[in-house]
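>
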Amino acid sequence: QPVNVRELLHNVTERFALRSQQENIALSLDVPESGLPRVKADRDNIIQVLDNLISNAMKYSSENTTVVIQAHEEENVVRIEIIDEGIGIRRRDLDRIFERFYRVDKARSRSMGGTGLGLSIARQIVLAHGGTIEIDSEWGKGTRVSFTLPIYGENEDGA
Ligand code: ATP
Ligand code: MG
444 QPVNVRELLH NVTERFALRS QQENIALSLD VPESGLPRVK ADRDNIIQVL
494 DNLISNAMKY SSENTTVVIQ AHEEENVVRI EIIDEGIGIR RRDLDRIFER
544 FYRVDKARSR SMGGTGLGLS IARQIVLAHG GTIEIDSEWG KGTRVSFTLP
594 IYGENEDGA
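Everything in the sequence shown is counted per UniProt numbering, starting at 444 for the first residue and increasing by one.
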């Protein structure tokens, strides 16, 4: 149950390397060399969250931009952020973005493929782990999704 975030992020980022090359969107991993405390999480679930968020970041970005995957330690949690320089999300849509099946521009989104479930599933998983998830965006500038996972305690029995 203790998950090494640094190793996990390297792994997931690597799996996006080919797509990154094909779509000409750089992926930049920014994790402290000194390492991070391990988090209390289900590894496969967190991979699902990251797959969702990174694929969104790439899907809604254009060529010659960078997606940054960042992680750092805060009090009792590790914070992971996915930052893109893509199309962004309008203020009025931001409040509804975590709803199931909610997609910003139906016509545009349809051509992009997807169901509108990615973010709601990601949110469900993060909340189930006792973390928080927020999304910040500026139309035309880019989007930042930020979530936390609790640090794994030394004396935990895995419950
Ligand atoms: P799915 O994830 O099920 O394949 P989806 O990507 O459309 O489909 P969500 O991941 O839930 O669904 O995202 C909901 C909507 O939020 C998207 O349709 C898109 O309009 C908007 N969105 C999500 N992430 C971003 C982002 N990084 N930049 C711009 N818009 C975004
Ligand atoms: Mg998605």
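Every residue gets a Cβ at the ideal spot worked out from N, C-alpha and C, and that includes glycine. Please read all numbers here as calculations on a predicted model, not as lab measurements.
1) Could you give the C-beta distance for Phe541 and Ser563, rounded to a whole number, given that I count them as a contact under 8 Å?
2) Taking the alpha-carbon positions, what's the residue 603 to Ala500 distance?
3) Can you find a heavy atom of the ligand MG that lies under 7 Å from the Cβ of Gly478?
4) Quick one: does the C-beta of Leu537 sit closer than 7 Å to a heavy atom of the ligand MG?
5) Along the chain, where does the alpha helix (DSSP H) that runs through Leu592 open and close?
6) Could you name the residues that DSSP lists as bridge partners for His572?
7) Within a Cβ cutoff of 8 Å, which residues of the same chain sit near Leu451, ignoring the five residues on either side of it in sequence?
8) Is Val547 near the ligand ATP, going by C-beta to nearest heavy atom under 7 Å?
9) What does the Cβ neighbour count give for Asn519, buried or exposed, with the cut at 16 atoms within 10 Å?
10) Kindly provide the ranges of any beta strand (DSSP E) runs that are 3 or more residues long and lie completely inside the stretch 493-521, ordered along the chain.
11) Three-state secondary structure (DSSP) at Ile468?
12) Is the separation between the beta-carbon of Val511 and that of Ser471 shorter than 8 Å?
13) Could you compute how far the alpha carbon of Val482 sits from the alpha carbon of Val521?
14) Using the Cα positions of Ser463 and Ile497, report the straight-line distance between them to the nearest angstrom.
15) Give the single residue among Gly529, Ala565, Asp579 whose Cα lies nearest to the Cα of Gly573.
Looking at the coordinates:
1) Mapped onto the sequence shown, residue 541 falls at position 98. Mapped onto the sequence shown, residue 563 falls at position 120. Right, their Cβ atoms sit about 6 Å apart.
2) A query on residue 603 cannot be resolved here, the shown segment of the chain reaching from 444 to 602 and no further.
3) Here residue 478 refers to the residue found at position 35 of the sequence shown. Taking 7 Å as the cut-off, one finds no heavy atom of the ligand MG near enough to the beta carbon of Gly478.
4) Indexing the sequence shown from 1 puts residue 537 at position 94. Leu537 has its Cβ no nearer than 7 Å to any heavy atom of the ligand MG.
5) The count along the sequence shown starts at 1 and reaches residue 592 at position 149. Careful: Leu592 lies outside any alpha helix (DSSP H), inside the beta strand (DSSP E) at 585-593.
6) In the sequence shown, the residue the question calls residue 572 occupies position 129. In DSSP, His572 forms no bridge with anything.
7) Within the sequence shown, numbered from 1, the residue matching residue 451 stands at position 8. Within the same chain, Leu451 has close Cβ partners Arg486, Ile489, Ile490, Leu493.
8) Counted from its first residue, the sequence shown places residue 547 at position 104. Val547 Cβ: within cutoff of the ligand ATP.
9) By 1-based counting over the sequence shown, the position of residue 519 is 76. Exposed.
10) Runs of the beta strand (DSSP E) inside the stretch 493-521: 508-517.
11) If you number the sequence shown from 1, residue 468 lands on position 25. In the structure shown, Ile468 falls within a strand segment according to DSSP collapsed to helix, strand and coil.
12) Translated into positions along the sequence shown, residue 511 becomes position 68. Translated into positions along the sequence shown, residue 471 becomes position 28. Yes, the pair counts as a contact, with Cβ atoms nearer than the cut-off.
13) The count along the sequence shown starts at 1 and reaches residue 482 at position 39. The count along the sequence shown starts at 1 and reaches residue 521 at position 78. Approximately 7 Å between the Cα atoms of the pair.
14) Counting from 1 along the sequence shown, the entry for residue 463 is found at position 20. Counting from 1 along the sequence shown, the entry for residue 497 is found at position 54. Taking the straight line joining both Cα atoms gives about 11 Å.
15) The residue given as residue 573 occupies position 130 in the sequence shown. Comparing Cα-Cα distances from Gly573 to each of Gly529, Ala565, Asp579, the minimum goes to Ala565.
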